[in-house]
Every structure is written in structure tokens, then in C-alpha cells.
């Protein structure tokens with residue numbers, strides 16, 4: 519199971535990194551490390567739950583707790599390079615039209631349906 523997990527994560531990481539740089543990516547393994555262009559590649563991830571709950575929105579966007587931009591700035595400023603974004607089958611199949619988002623803190627995403635909110639999250 520571990521080799522399959524590493525392979526899937528490698529493909530995901532490759533897609534993420536390739537999208538953000540214009541250089542050729544060369545993956546290899548050396549001294550027990552995954553290497554990207556000869557340098558150790560460390561996957562540092564964060565989990566954003568909420569799309570799998572009855573709010574259909576990342577936790578913290580309701581009640582004025584925070585804005586999407588503030589939360590993603592925290593992720594960026596702490597050098598995370600992967601985000602796990604769990605979601606429910608209900609969200610995928612029904613695309614609820616009213617995710618719980620505080621409009622005062624998040625005016626650009628407050629009227630989106632769940633899948634459009636997820637797309638806005640991923641795009642940022």
C-alpha cells in the first residue's frame with residue numbers, strides 16, 4: 519500500500535508543482551528521499567475540513583471567524599504545499615445551493631453553490 523500511496527502523492531505533487539513553475543520537473547529517488555530536480559521534496563500538507571459536513575464549506579468561513587484569503591495566506595506563509603480537501607458524496611451529487619459562508623468576511627464567495635465554492639477555493 520505504501521508504494522501506491524507514494525506514487526499517487528508523487529503524481530499529485532508533480533501536477534501541483536508543474537502548474538506553478540515553468541521548468542522541467544525531474545523526479546528521482548536518492549538516499550531514501552523523493553527528489554525533485556535533484557533536491558529533496560517534502561510534502562507538507564494541511565487538512566481543510568468542512569465540505570463533508572452539513573455546512574458544505576471549509577470550516578471557519580461561517581460566523582465571521584475568518585475569510586478565505588486570510589486562511590489561505592496562513593497556509594502559504596507556513597510553507598504548506600498540499601491541501602487535503604475532503605467532501606461528501608451529497609455535495610458531489612446534489613451541489614447544495616447555500617453553503618454556510620459569512621458574507622461580511624467573504625463577499626466574493628458568499629452566494630456561490632457548493633461546487634463553485636470548492637472551485638473558488640482551489641483556484642486561489
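Numbering (my numbering), first residue to last: 519 to 642.
Virtual Cβ for every residue (Gly too), placed ideally from N, Cα, C.
Values in this document were obtained by computation on a predicted structure and should not be read as measured data.
{"Asked": "Mark residue 568 as exposed unless 16 or more other C-beta atoms lie within 10 angstroms of its C-beta, in which case mark it buried.", "Found": "buried"}
{"Asked": "Please tell me whether residue 630 and residue 609 are closer than 9 Å, where the distance is taken between their beta carbons.", "Found": "no"}
{"Asked": "Please determine, among 553, 607, 585, 637, the residue with the shortest C-alpha to C-alpha distance to residue 647.", "Found": "There is no way to answer for residue 647, as the model of the chain reaches only from 519 to 642."}
{"Asked": "Does residue 560 come out as helix, strand or coil in the three-state DSSP assignment?", "Found": "coil"}
{"Asked": "Could you spell out where the alpha helix (DSSP H) holding residue 635 opens and where it closes?", "Found": "632-641"}
{"Asked": "Check residue 575 in the structure and name its three-state DSSP category.", "Found": "coil"}
{"Asked": "Could you tell me whether the Cβ atoms of residue 566 and residue 602 are closer together than 9 Å?", "Found": "yes"}
{"Asked": "Residue 592: buried (16+ other C-beta within 10 angstroms of its C-beta) or exposed?", "Found": "exposed"}
{"Asked": "Can the beta-carbon of residue 599 be found closer than 9 Å to that of residue 543?", "Found": "no"}
{"Asked": "If the criterion is Cβ atoms closer than 9 Å, does the pair residue 642 and residue 579 meet it?", "Found": "no"}
{"Asked": "In or out: residue 611 buried (at least 16 other Cβ within 10 Å) or exposed?", "Found": "exposed"}
{"Asked": "Give the straight-line distance between the Cα atoms of residue 594 and residue 614, rounded to the nearest whole angstrom.", "Found": "29 Å"}
{"Asked": "For the beta strand (DSSP E) containing residue 554, list its first residue and its last residue.", "Found": "551-554"}
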